[in-house]
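In the numbering used here, the protein residues as written are 58 to 664.
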C-alpha cells in the first residue's frame with residue numbers, strides 16, 4: 058500500500074482530531090441501533106400488518122419473521138427529469154433481484170427531485186438549495202417505518218444525492234448502496250452549445266435557434282453530460298465507496314446498466330446485519346472517505362456546490378470538514394480530468410478514456426487517496442480501479458482498467474496532469490470568504506483587478522448589459538443572493554453576458570453570495586461569499602467604483618478601500634419581500650430564517 062501524501066495525511070489527521078467528540082457520539086448512536094437487531098421484531102402485529110398489507114403471500118410470510126432481509130428503496134423518480142426518468146423501472150429490477158436471493162424489497166418512499174436546468178433564472182431556483190434538506194427529511198420519513206434491514210437510494214442530480222446521503226447517514230446503522238442511472242448519450246458538442254448561447258445573448262440568433270441547440274444537447278434519458286454537480290455526485294459516490302465499482306457512468310437503457318442495478322440490490326442485501334458482511338453506511342463514510350471525496354472533487358475539477366454539500370454530509374456523520382481543509386487539499390491534488398466546462402469533452406468521453414477506475418488508480422498510486430477504507434463492495438478502494446463489463450450470462454464482471462488513458466486530452470496520468478493543483482480554491486479577504494473554480498479559467502485571469510458594479514439581482518445586471526452600460530473592466534457584484542436572502546439560487550443567466558464582455562478584451566469577474574455550481578465557466582467567479590449581504594456581510598458595503606481584487610493564486614478577495622473608511626460604511630439593505638412568496642417560496646420562510654452559512658454547509662439542521 059502506497060504511503061499517503063503528507064498534506065493529505067495532515068488534513069485527514071486534523072479532521073479526525075477536530076471531529077473526535079462528535080464522531081464518537083455518532084458512532085455510539087448507530088452502533089447501539091445496530092445492536093438491537095432487526096427492527097421488525099419490535100413492531101406490533103398491527104404495525105407489521107400495515108407494513109406488508111399490499112405484499113404478495115410469499116413476501117408476507119417472509120416478513121413475518123426476522124430471518125429474511127427486507128430492502129427499502131428510496132427513489133427520486135420522476136419522468137420530467139431526464140436523469141431520473143430511467144428510475145421508473147428500477148424498483149421492478151430490484152424486487153426481482155431480491156427474490157432471486159430469497160429476500161424482499163419494498164419502495165419505502167419517494168423524494169422530490171427538481172431540475173436546476175428547468176428552473177435556471179426562474180423563481181423556482183430559489184427552492185433548489187433548500188430542496189436538499191427537504192429530500193433528506195423525506196427519505197427519513199420513508200425509512201422511519203423501521204421495516205428495513207438495508208436500503209438502496211435512487212438519485213442522481215444536484216441536491217438530490219447530497220440530500221439522500223444526509224438521510225442515509227442519519228440512519229447510519231443501515232447498510233446503504235447508491236444506484237445511479239447513468240448519463241445520456243452524447244449530443245451536440247458543448248462548444249457549439251456555448252457558442253449558440255452567446256450568439257443569442259448578443260441578439261445575433263433568435264429563440265428558435267437557441268431552443269434547437271439546447272434540444273440537441275439535452276436530448277434523451279440520463280444525466281446531462283457536462284461535468285456539473287450531477288456528475289460530480291456520481292464521482293463522489295464511487296470514490297467514497299457507496300456505488301458498486303464502475304457503476305457511475307454507464308448509459309441508461311443498456312443491459313450493463315440493468316445488470317449493475319440488480320447487482321447493487323443483491324449486494325445491499327448481502328451486507329445486512331443478518332449476514333456475515335455487515336457494513337453500515339455510517340462506518341463507510343468516515344474521515345478518510347470524506348477526504349477521498351474532496352480529493353476526487355479537485356482531481357476532476359468538480360462542482361463548487363460540493364464545498365457546501367460535502368460539509369453538510371460530513372456533519373451528519375459527526376465529521377467537521379472546513380473550507381480550509383478543502384483549500385489545503387486543492388493546493389496539492391493534481392487536476393487529471395478535463396470535462397466540459399473544464400474542457401471540450403463530456404462524461405461519455407471521460408468514461409471511454411478510462412473513467413473513474415483509471416483516475417482512482419492514478420491517485421492511489423502516488424498516495425493522494427486513502428486506500429484503507431470500507432466500501433459497499435467489500436474491498437478497500439483498490440477494488441475500484443476497474444471497469445465493469447457484461448458477461449454472456451447477463452452478470453457483471455470487472456477487469457483492471459487499461460494501463461494508459463484512452464485520451465490524454467480528457468483523462469491524464471499523473472505525470473501529465475493538466476495542472477499541479479486542484480480545480481477549486483478558497484478566497485479570503487475583507488469582503489469575506491468565497492469559493493472560486495479555476496480549472497476552466499485561463500491562467501492569465503487567475504488575478505483580476507477591476508472596478509465594482511453593484512447589483513441586487515441578476516436581472517438588474519442583464520438589464521444594464523442590454524443597455525450597453527459596460528464598456529470596460531468590471532467586477533460585477535451581485536448580492537442579496539445568499540441562502541438567508543432568497544435561498545441562494547444559481548446565477549447562470551449571467552454567464553453568456555460576462556463571457557461576451559471578457560471576449561471583448563475586458564477584465565471581468567463576478568463576486569456574489571449566490572451560486573454558480575458545477576457549470577461555472579471561463580469567467581473568474583468568487584461565489585458563495587459569506588457572510589452574505591442579508592446577514593450583514595461586508596459584501597453589503599461594496600459600492601460602485603470600488604476597486605476589487607481577486608487573486609486565485611494567493612487566495613485573496615479584497616476591496617481596495619481604506620480599512621477605516623470601509624469599516625465605517627453602513628451596509629446596504631434590500632427589500633426581499635418579492636422573494637418570499639410565489640412558486641411555493643412562502644412555505645420556506647422557516648428555512649430562510651434558520652439556514653446556516655455557506656461555509657458550514659448552508660443547511661437547516663443545526664450544528
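Where a beta carbon is used, it is the ideal one built from N, C-alpha and C, also for glycine.
All values reported here derive from a predicted model rather than from experimental measurement.
Continuous beta strand (DSSP E) stretch holding residue i: start and end
i: residue 608; result: 604-608
i: residue 585; result: 582-587
i: residue 67; result: Here residue 67 belongs to no beta strand (DSSP E); instead the alpha helix (DSSP H) covers 63-92.
i: residue 347; result: Unbroken run through residue 347 is the alpha helix (DSSP H), 344-357; no beta strand (DSSP E).
i: residue 596; result: Element bounds for residue 596: n/a, residue is neither H nor E.
Pair within 8 Å by beta-carbon distance, residue i and residue j
i: residue 546; j: residue 185; result: yes
i: residue 235; j: residue 300; result: yes
i: residue 218; j: residue 297; result: no
i: residue 485; j: residue 416; result: no
i: residue 500; j: residue 493; result: no
i: residue 328; j: residue 208; result: no
i: residue 49; j: residue 512; result: The structure shown does not extend to residue 49, since the chain spans only 58 to 664, so no value can be given for it.
i: residue 540; j: residue 589; result: yes
i: residue 489; j: residue 255; result: no
i: residue 312; j: residue 447; result: yes
i: residue 128; j: residue 155; result: yes
i: residue 587; j: residue 433; result: no
i: residue 583; j: residue 614; result: yes
i: residue 531; j: residue 558; result: yes
i: residue 304; j: residue 445; result: yes
i: residue 441; j: residue 414; result: yes
Residue i in three-state terms, based on DSSP
i: residue 188; result: helix
i: residue 475; result: coil
i: residue 456; result: strand
i: residue 194; result: helix
i: residue 394; result: strand
i: residue 103; result: helix
i: residue 364; result: helix
i: residue 623; result: helix
i: residue 550; result: coil
i: residue 443; result: strand
i: residue 662; result: coil
i: residue 59; result: coil
i: residue 633; result: coil
i: residue 486; result: strand
i: residue 309; result: coil
i: residue 565; result: strand
i: residue 337; result: coil
i: residue 667; result: For the chain, the structure presents residues 58 to 664; residue 667 sits outside this window and is missing.
i: residue 139; result: coil
i: residue 384; result: helix
i: residue 259; result: coil
i: residue 285; result: coil
i: residue 182; result: helix
i: residue 524; result: coil
i: residue 450; result: coil
i: residue 115; result: helix
i: residue 252; result: helix
Endpoints, the alpha helix (DSSP H) within which residue i is located
i: residue 493; result: Segment 489-494 is the beta strand (DSSP E) holding residue 493; no alpha helix (DSSP H) there.
i: residue 648; result: 646-651
i: residue 420; result: 412-422
i: residue 318; result: 312-327
i: residue 376; result: No alpha helix (DSSP H) contains residue 376, which DSSP labels as neither H nor E.
Beta-ladder partner(s) of residue i, from DSSP
i: residue 614; result: 607
i: residue 481; result: 494
i: residue 510; result: 533
i: residue 295; result: Per DSSP, none; premise fails for residue 295.
i: residue 540; result: None; residue 540 has no bridge partner.
i: residue 504; result: 608
i: residue 127; result: 161
i: residue 132; result: 167, 211
i: residue 466; result: None; residue 466 has no bridge partner.
i: residue 236; result: 211
i: residue 280; result: 240
i: residue 572; result: 547
i: residue 402; result: 396
### Query
Fully enclosed by the stretch 149-180, which beta strand (DSSP E) runs are 3 residues long or longer?
The DSSP assignment places complete beta strand (DSSP E) segments of no fewer than 3 residues inside the stretch 149-180 at 161-167, in order along the chain.
### Task
Within the stretch 193-229, note down every full alpha helix (DSSP H) run reaching 4 residues or more, in order along the chain.
You should have 217-227.
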